[in-house]
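Below: one structure, written as structure tokens.
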Amino acid sequence: MSNCQDPLIVSLSFESAMKQLEEIVRKFESGGLTLEESVVAYERGTKLRKHCDELLKHAKLRMEQVNRNVEEDTSVHSIALDSEDTSNHS
């Protein structure tokens, strides 16, 4: 599902990835990172953000599919009811 190449990140749930991303942000805000630690944290944070974006995109697509299925079912049900109404009036 994820285009992120880090298997440790790809295996994370959305909630776990967000928690790690929030921790990275806290470290940046505290200002206690060396330059190298900052670069490493930034790289990981970027991968985590991308993974979260992809998980959200996938969830959105799933919800849109559910909505389409519900609309199609409602439409089919409505057509069936309409045809029953016309056959009962004949």
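The sequence shown begins at 1 in full-length UniProt numbering and counts up by one.
Just so it is clear, CB atoms sit at the ideal spot from N, CA and C, and this is done for glycine as well.
Note that the structure is a prediction, hence the values are computed from the model and not measured.
Along the length of the region 19–48, whole beta strand (DSSP E) runs at least 3 residues long do not occur. Of all alpha-carbon atoms in VAL25, LEU56 and ASP53, the one lying nearest the alpha-carbon of ALA41 is that of VAL25.
About 10 Å separates the beta carbon of LEU8 from that of HIS51, a gap too long to meet the 8 Å contact definition. Counting only residues of its own chain and dropping the five nearest sequence neighbours on each side, LYS27 has a CB closer than 7 Å to the CB of LEU33 and ALA41. SER11 carries a coil assignment under DSSP once its states are collapsed to helix, strand and coil.
LYS60 counts as exposed, since fewer than 16 other C-beta atoms from the protein chains shown sit within 10 angstroms of its C-beta. Under the three-state reduction of DSSP output, ASP6 falls in the coil class, being neither helix nor strand.
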